[in-house]
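> Chains S and U, in that order, are what the protein sequence lines are. Going by our numbering, the first sequence opens with residue 1, and the numbers climb by one from there. Going by our numbering, the second sequence opens with residue 898, and the numbers climb by one from there. Beta carbons: idealized from backbone N, C-alpha and C, even for Gly. Here it is, the structure in full.
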Amino acid sequence: MNKLREWWRQLRFRLMGQSFDADLAEEMRLHLDLRAAEKQTDGISPAEAESSARRRFGNATLLREKSRDAWGWTSLDTWLQDLRYAIRTLIASPGFAVTVVLSLALGIGANTAIFSILNAVMLRSLPVEDPHGLVKIQIGESDDDVTNPIWEQVRDHQQAFSGTLAYSSERFDLAAGGESRFTEGMWVSGDFFRVLGVPAMEGRVFSADDDRRGAEPLAVISYSFWQRNLGGDAGALGKTVRLNRHLFTIVGVTPPWFTGLDVDHSYDVAIPIACNPMLHTERNVLDSRLTWWLQMIGRIPAGESISQAQDRMRSIAPEIFRATVPLEIPAENQKEYRQRSFSLKPAATGFSETGAQYRTALLTLMAIVGLVLLIACANVANLLLARAAARQRELSVRMSMGAGRWRVIRQLMTESIFLSAIGSTFGFLLALWGSRLLVHMLSTTAHPLEINLSPDPRVLAFTIGVTLLTALLFGFAPAVRATKIELNQVLKESARAAVPGARRFNLSKLLVTGQVALSLVLLVGAGLFLGTLRNLLTLDAGFTRRNILLVSAEAQEAGVPEARRLSTFQEILARLQSIPGVVAAASSSIEPMGRGGWAQLSQPEGFVAKSPRDTLLFLNRVSSKYFETMRTPLLLGRDFNDRDNLNSAPVVIVSESTARKFFSAANPIGKTIGLEGGAFDKYVAFQVIGVAKDAKYNRLNESPRSLAYFAAGQDPAPWSKLVFEIRSETPVEALIPAVRSAVGGVNKDIALVFRSFETQVNESMLQPRVVASLASTFAGLALVLAMVGLYGVTAYAVTRRSGEIGIRMALGAQRTSVIWLILRDVMLLLGIGMVFGLAGSLAAGRLVTSLLYGVRPNNPAQLTGAVLTLALCTALAAYLPARRAAQLDPMNALRDE
Amino acid sequence: MANRRDEIPPGTLYMLILRVLARHKELHGYEIANAIQQISDDVLQVEEGSLYPALQRMLLKGWVTAEWGVTAGNRRARYYRLLAAGRKQLHAEMAQYQRVNGAIQKVLQTEGAV
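Here it is, written out as structure tokens:
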């Protein structure tokens, strides 16, 4: 109430009291005059009386400000005044302003951009009801999926939670036939939407009833899918959507804010887990105790802690694992399985493959841009120092007129914050664009990234925080330094001598040394990432990636019985091989350089394994001419041929390292490798008929793996999906129509996906490529900033010492010795900076090891390279002003002095 | 050293101004300064200028009001007058001051008795 009245008085006063300053001045003047008059009657001279009155009165300027302060709007007033003043001074030196704003915009922009991605994939909470009550239910500490039997057990024993849900992401094919059109799908449990607290916007969401075995095929669709594919028509309810050739009836639409649980793509269609057998007929996923495909989430009851729920889950774990143990696996593995337990992890931020995959890369980039901003700050601080030296007269006049030191510092800080704010405004706009660009760079056709990057309060707070911190970093020390002046001296003497020069110079030397150190860290980092990229680009992947078209064919819904799959695929392959322009064509069950894989333990003849894992083979089943098509040389033995069929003895081609590992120096041809379990019902002994050169299996940067290839013609139970590799002489895209009609000629219902192998390979290098290019761009920027910094410091030193240089030259000093005189100082800075930089690089190198391939952090050659680059560039930056010093005319220099 | 002046304790300035204004009908700044010195027998030293920020703050709080008038020497001066809220404030502050002072004195007396 009182506060309100005060505001009212404040406002009224503000509106009426325009003469506030004049009134106050008059009032104070009267006071001083009366006091002086009183003193004078004591018999003191008028002048003395007046100064005595002043002494008793105190600092009038300061008191006037305090009086204004009393009304609460001084702060605003002085702030506005400071701001106006700041704008005026900055307009007066546009070059300075533009340089500062630009470097801050780049620095702050880069930081905001990386942070907004980091925020989206790692920090932001899921758009669901009370996301912090959600926990991920996982087995042990591993992030792996669970089987449906485990989920059903958890669902039916959910005392620990107020609700549980399970889901799995899968892409579904919307097309009725021919080329596939994929949509992002989710398998969800009946309670999925209820537990998350996501209501239906139209229609209804699922209930537990919809997730019963044999239930109707129903679908809940996302708002964006509804808008995109159904025109946002309310009549869409009750219509059907085709998923992998099966029709699902749409029962509801979720609100626009719900985009699913994965943060790197939003869901389109959700269907009940119980419908899985419709789409996956070949194995009973619902009862399979070995198919790990679901993620489980629970909601902690209100008022309970995670550890309470975890204790309860742990107490029922033995029962659950006993009931779901896979009987197919060996007894000792069953025992291990039964001993597993659950652990709960907060799930508020959702799930993100990107987050897990790019975590280190994102954090590294965040650190890099942070360092760049620091370097930019050092530069700006240096500029401000130089400016402060030039503004000494102005500042000392202000201070001698009664402006308090803090008042001047505040004025200087206002300028800094103003600069920083403009910089960050531009930076923010830059970041909006930059973060989208970066996500676009990381997005691939096979795995499009869809990350919600719209700035939220956290990103805004981050930018504002960085802005203020930046201003403090670059502005505060120069402001304090600039106001630490001997007033009399400045006013009496020339500006040059005013601030104790050597000390001013020390701060800027320190800044430059820091810049050198940070730049070296960034250069070393960039070198490591570029080295990684170079290794990946030049490594021998074991195949030639150009001019190969990958065609994945899914026969699941094409009405081809399992018994006829082999012959159907063989017929298609024969037709593909006869397309004009096709050099060679082959098929494989695993897509080369794809995300999938098939690995099993093996029993190689005569090989004594130290651990079972030693016998792990990465497998593929390929047709004849696969090696010819991929241009993977066969080093020994022969390729598969038509005689390798179901009636002949099983054969295998192994990779070079497999042969070396299992059979060392012995001739591998004719040896046997046994396999059991997994894809094989019973023990099968394969005879080695050939050795192929090593090739990459999933990614270019994988460590060497042991590979083995089986013959497609000996596949007793072919999978419904197969990949054809087609090598042509022409650009591969031109082949697509011919391939489509060739496949269509055999079976029109086979679903096809086309991809260029080269693109596929390049996309597997995306992260190293992006990290390397960003790291080297930023390192380059850092180098330029450091050069500018060093140039500035050297140039300043030359100006400051021009008198000394003049005397030296007048006394006969040679130009080279003058240059050396200047450079000696710079070398010292460089040397110290490099020592710190090297220490920093060694420490930082260890943190990024997981992002490197084929280069070791801390290798001397690489460090030397970075040191030399930095030394060369900075020496050049210092040499230019030093040479100018040597060209000084001694007469002029001395006359100036 | 007889002439030694003590800095006034912070916060007391308001009380002094209110007290002075309570005795007189209206005063301008210089008169307030002199009156404070008088009632404190020149012991309490006020940096005279600091009256003015304090007066402004009191205007804002609604304890005093000010009007321009003319001095005996025919100069324009701002005269301050106590308002009801100011009088209430004065009583409150004096009461509190006496409570604290009484307590301190009690402590000192018991100390002395020992």
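Output, in chain order, the set of chain S residues within a Cβ distance shorter than 7 Å of residue 972 of chain U.
Counting from 1 along the second sequence, the entry for residue 972 of chain U is found at position 75. Here the neighbours are 30.
> Within the same chain, show all residues whose beta-carbon is closer than 6 Å to that of residue 243 of chain S, passing over the 5 residues directly before and after it, in chain order.
As a working note, residue 243 of chain S is residue 243 in the first sequence. Cβ neighbours of residue 243 of chain S beyond the five flanking positions: 172.
> Using a beta-carbon distance cut-off of less than 8 Å, what residues from the region 908-930 of chain U approach chain S?
Residues 925, 926, 927, 930.
> Buried or exposed for residue 502 of chain S, going by 16 or more other Cβ atoms inside 10 Å?
Translated into positions along the first sequence, residue 502 of chain S becomes position 502. Any reading at residue 502 of chain S must be qualified, since the residue scores a pLDDT of 45, below 50, and its modelled position is unreliable; no value is offered.
> Between which two residues does the alpha helix (DSSP H) harbouring residue 958 of chain U extend?
Stepping through the second sequence from its first residue, residue 958 of chain U is reached at position 61. Per DSSP, residue 958 of chain U belongs to the alpha helix (DSSP H) from 948-958.
> For residue 406 of chain S, does the three-state DSSP call read helix, strand or coil?
Mapped onto the first sequence, residue 406 of chain S falls at position 406. Correct three-state label for residue 406 of chain S: helix.
> Taking only runs that begin and end inside the region 604-655 of chain S, name each unbroken alpha helix (DSSP H) of 4 or more residues, in chain order.
Complete alpha helix (DSSP H) runs here, min 4: 626-630.
> Hey, how far is the Cα of residue 606 of chain S from the Cα of residue 649 of chain S?
Here residue 606 of chain S refers to the residue found at position 606 when the first sequence is read from its first residue. Here residue 649 of chain S refers to the residue found at position 649 when the first sequence is read from its first residue. Between residue 606 of chain S and residue 649 of chain S, the C-alpha separation is close to 20 Å.
> With 8 Å as the limit, tell me which residues of the region 42-61 of chain S have their beta carbon closer than that to any beta carbon of chain U; keep them in chain order.
Result list: 56, 57, 58, 59, 60.
> Taking 8 Å as the threshold (beta carbon to beta carbon), is residue 10 of chain S in contact with chain U?
Sequence index remark: in the first sequence, residue 10 of chain S carries index 10 (1-based). With 8 Å as the cut-off, residue 10 of chain S counts as an interface residue toward chain U.
> For residue 424 of chain S, collect the residues of the same chain with a Cβ closer than 6 Å to its Cβ; drop the 5 residues on either side in sequence, then sort them by chain order.
As a working note, residue 424 of chain S is residue 424 in the first sequence. Cβ within range, chain order: 108, 463, 467.
> Kindly list the residues whose CB is nearer than 6 Å to the CB of residue 474 of chain S, restricted to its own chain and excluding five residues on each side of it in sequence; keep chain order.
In the first sequence, residue 474 of chain S corresponds to position 474, counting from 1. Contacts found: 377, 380, 381.
> Taking CB distances under 8 Å as the criterion, tell me whether residue 69 of chain S reaches chain U.
Position 69 of the first sequence, counted from the start, is the residue given in the question as residue 69 of chain S. Answer yes: the Cβ-Cβ gap between residue 69 of chain S and chain U drops below 8 Å somewhere.
> Check the Cβ of residue 958 of chain U against every Cβ in chain S and list those closer than 9 Å, keeping chain order.
Your numbering for residue 958 of chain U matches position 61 in the second sequence. Those are 2, 5, 6, 9, listed as they occur along chain S.
> What is the residue span of the beta strand (DSSP E) that residue 173 of chain S lies within?
Taking the first residue of the first sequence as 1, we reach residue 173 of chain S at position 173. Where residue 173 of chain S is concerned, the enclosing beta strand (DSSP E) stretches over 163-173.
> Do you know how far the Cα of residue 294 of chain S is from the Cα of residue 166 of chain S?
Position 166 of the first sequence, counting from 1, holds the residue named residue 166 of chain S. Position 294 of the first sequence, counting from 1, holds the residue named residue 294 of chain S. Between residue 166 of chain S and residue 294 of chain S, the C-alpha separation is close to 6 Å.
> Which residue or residues does DSSP assign as beta-bridge partners of residue 548 of chain S?
Looking up residue 548 of chain S in the first sequence gives position 548. Per DSSP, S:727.
> From S:261, S:129, S:142, pick the residue whose C-alpha is nearest to that of residue 185 of chain S; which is it?
Residue 185 of chain S sits at position 185 when you count from the first residue of the first sequence. Closest option to residue 185 of chain S, Cα to Cα, is S:261.
> Does chain S have any CB closer than 8 Å to the CB of residue 937 of chain U?
Numbered from its first residue, the second sequence carries residue 937 of chain U at position 40. Not an interface residue.
> What residues of chain U sit near residue 196 of chain S, judged by a beta carbon separation below 9 Å?
Numbered from its first residue, the first sequence carries residue 196 of chain S at position 196. Result: empty, since nearest Cβ-Cβ is about 54 Å, beyond 9 Å.
> Please report the straight-line C-alpha distance between residue 545 of chain S and residue 768 of chain S, rounded to a whole angstrom.
To locate residue 545 of chain S, count along the first sequence from 1; it is residue 545. To locate residue 768 of chain S, count along the first sequence from 1; it is residue 768. Cα to Cα, the separation comes out at about 18 Å.
> In three-state terms, what does DSSP make of residue 755 of chain S?
The sequence position of residue 755 of chain S within the first sequence is 755, counting from 1. Here residue 755 of chain S sits in strand by DSSP.
> Which full runs of the alpha helix (DSSP H) of 4+ residues lie inside the region 221-299 of chain S, going along the chain?
List check, alpha helix (DSSP H) in window: 223-230, 276-279.
> So, using beta-carbon positions, are residue 451 of chain S and residue 121 of chain S closer together than 8 Å?
Position 451 of the first sequence, counted from the first residue, corresponds to residue 451 of chain S. Position 121 of the first sequence, counted from the first residue, corresponds to residue 121 of chain S. Yes, Cβ-Cβ distance for residue 451 of chain S and residue 121 of chain S is below 8 Å.
> From this set, S:188, S:298, S:847, which residue's C-alpha is nearest residue 158 of chain S's C-alpha?
Taking the first residue of the first sequence as 1, we reach residue 158 of chain S at position 158. Nearest option by C-alpha distance: S:298.
> According to DSSP, is residue 499 of chain S part of a helix, a strand, or is it coil?
Taking the first residue of the first sequence as position 1, residue 499 of chain S is located at position 499. Any reading at residue 499 of chain S must be qualified, since the residue scores a pLDDT of 44, below 50, and its modelled position is unreliable; no value is offered.
> Does the distance from the CB of residue 178 of chain S to the CB of residue 727 of chain S come in under 8 Å?
As a first step, residue 178 of chain S is located in the first sequence; it is residue number 178 there, counting from the start. As a first step, residue 727 of chain S is located in the first sequence; it is residue number 727 there, counting from the start. No, Cβ-Cβ distance for residue 178 of chain S and residue 727 of chain S is not below 8 Å.
> Taking only the alpha-carbon atoms, compute the straight-line gap between residue 885 of chain S and residue 404 of chain S and give it to the nearest angstrom.
Taking the first sequence and counting its residues from 1, the one referred to as residue 885 of chain S is at position 885. Taking the first sequence and counting its residues from 1, the one referred to as residue 404 of chain S is at position 404. Roughly 39 Å between the two C-alpha positions.
> Pick helix, strand or coil for residue 192 of chain S, following the three-state DSSP scheme.
If you number the first sequence from 1, residue 192 of chain S lands on position 192. Of the three classes helix, strand and coil, the one that applies to residue 192 of chain S here is helix, per DSSP.
> Do residue 794 of chain S and the ligand PLP come close, with the Cβ less than 7 Å from some heavy atom?
Absent from the structure shown: the ligand PLP. Ligands present: none.
> Do you know offhand how far residue 164 of chain S's Cα is from residue 191 of chain S's?
Residue numbering aside, residue 164 of chain S sits at position 164 when the first sequence is read from its first letter. Residue numbering aside, residue 191 of chain S sits at position 191 when the first sequence is read from its first letter. Each residue's alpha carbon lies about 7 Å from the other.
> For residue 693 of chain S, which three-state DSSP category applies?
Your numbering for residue 693 of chain S matches position 693 in the first sequence. DSSP places residue 693 of chain S in coil when its eight states are reduced to three.
> Beta carbon of residue 763 of chain S, beta carbon of residue 547 of chain S: below 8 Å?
Position 763 of the first sequence, counted from the first residue, corresponds to residue 763 of chain S. Position 547 of the first sequence, counted from the first residue, corresponds to residue 547 of chain S. Not closer than 8 Å, so no.
> For chain S, find out if any of its Cβ atoms is closer than 8 Å to the Cβ of residue 983 of chain U; answer yes or no.
Residue numbering aside, residue 983 of chain U sits at position 86 when the second sequence is read from its first letter. Cβ-Cβ to chain S under 8 Å: no for residue 983 of chain U.
> Check whether the Cβ atoms of residue 753 of chain S and residue 180 of chain S lie closer than 8 Å to each other.
Sequence index remark: in the first sequence, residue 753 of chain S carries index 753 (1-based). Sequence index remark: in the first sequence, residue 180 of chain S carries index 180 (1-based). Yes; because the gap between Cβ atoms is below 8 Å, this pair is in contact.
> Taking its Cβ as the centre, do 16 or more other Cβ atoms sit within 10 Å of residue 946 of chain U, making it buried, or is it exposed?
Mapped onto the second sequence, residue 946 of chain U falls at position 49. When all chains shown are included, residue 946 of chain U counts as buried.
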